[in-house]
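Worksheet: one structure, shown below.
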Amino acid sequence: MHRSAPRLSRILACAAVPVMLVVAGCSSDSGDAKASDSSTSPSAQKSEPEVEPAKFTELPDACTSIAKKTIEDLVPKTKTKGGTPGKSSDTTSRGGCSWNGLDDNGVKGSQYRWLDVGFTRFDSDQSLGSGAKRATDEYTKQVSKAQATEGAEKPAAKPVAALGEQATAVTYGLTKSKEDFEYATIVARTGNVVVSVTYNGAGFAGAKTPSAADILKDAQKAAKEAVAAVGAGSDTSSASPSASASPSASASASASAKS
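In our numbering, the protein residues as written are 381 to 639.
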């Protein structure tokens with residue numbers, strides 16, 4: 381009987397070890413479960429920030445975006461004073477207009493001028509980015525395209541100050557039908573809209589080719605008016621939620637009107 385007591389104690393001690401391990405294991409699992417629950421809870425998950433809304437929701441009429449007086453100065457003897465509108469299946473996203481004219485001075489030669497204005501607007505998209513970002517990408521593409529004009533002679537690009545949020549002037553010479561033309565393309569971005577103005581001129585029948593400086597100056601004048609025309613359109617960013625009446629405020633106003 382005296383020998384069986386120690387033996388029983390050892391058996392009970394050994395039996396207690398697995399029980400403690402099981403308890404410890406359960407406690408550990410419980411902690412992991414809580415940690416897992418907290419990491420997968422909605423408050424712990426990060427949601428993607430929404431892109432900023434597009435500033436402009438529509439485009440101006442391209443053929444009226446430049447003043448009639450400016451058209452008369454830049455394109456003398458224009459064939460169509462109201463301009464020739466570009467074709468677009470979506471006028472809220474893309475629009476354009478062009479004018480051309482030949483000022484015939486007989487034996488003194490003639491002066492030819494051509495002006496084109498184009499607008500491209502981008503909406504904000506959660507997967508593609510904000511309208512401003514998309515317009516910035518398009519702005520860069522259009523500047524590069526102007527610099528890469530086939531046959532361009534001495535192309536040069538320089539920034540234009542105080543025109544939209546960013547603007548670049550691309551100038552170059554071009555020979556067409558044995559005549560020397562001077563070109564200037566102004567690409568500007570304002571908000572989510574890209575404005576492109578191209579102006580060129582040539583002297584025919586012995587008349588002098590217009591200077592590159594004059595062509596650039598006139599192109600910038602037209603571009604300023606075109607960019608301003610975008611700013612005169614609708615602007616969603618200027619309408620803050622507080623500016624519009626809330627449903628409760630509208631109801632109160634309606635009740636006051638009835639009383």
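Note that the Cβ used here is the ideal one computed from N, Cα and C, for glycine as well.
query = In three-state terms, what does DSSP make of Ala568?
reply = strand
request  = For the alpha helix (DSSP H) holding Ser524, just list the boundary residues, first then last.
outcome  = Gly511 to Gln527
Cut-off 8 Å between Cβ atoms - residues of its own chain near Pro456, not counting five sequence neighbours on either side = Gly481, Asp483, Gln491 and Arg493
query = Whose CA, out of Thr500, Gly544 and Val487, lies closest to the CA of Cys477?
reply = Thr500
message = Whole angstroms are fine: how far does the CA of Phe584 sit from the CA of Cys557?
response = At residue 557 the sequence reads Ser, which differs from the Cys that was named. Cα-Cα distance, rounded: 11 Å.
task = Within the same chain, show all residues whose beta-carbon is closer than 6 Å to that of Gly463, passing over the 5 residues directly before and after it, in chain order.
result = Cys443, Cys477 and Trp479
ask   = From the DSSP output, which residues share a beta bridge with Pro539?
value = Thr548
Extent of the continuous beta strand (DSSP E) to which Gly611 belongs = Segment Ala592 to Gly611 is the alpha helix (DSSP H) holding Gly611; no beta strand (DSSP E) there.
query = Any idea which residues DSSP pairs Glu562 with across the strands?
reply = Gly553 and Gly581
query = In terms of residues, what are the limits of the beta strand (DSSP E) holding Leu439?
reply = It is not in any beta strand (DSSP E) - Leu439 carries neither H nor E in the DSSP assignment.
key: Spatial distance of Ser507 from Leu454 (CA atoms)   = 42 Å
ask   = Asp505 lies in the alpha helix (DSSP H); which residues open and close that run?
value = Here Asp505 belongs to no alpha helix (DSSP H), and DSSP marks it neither H nor E.
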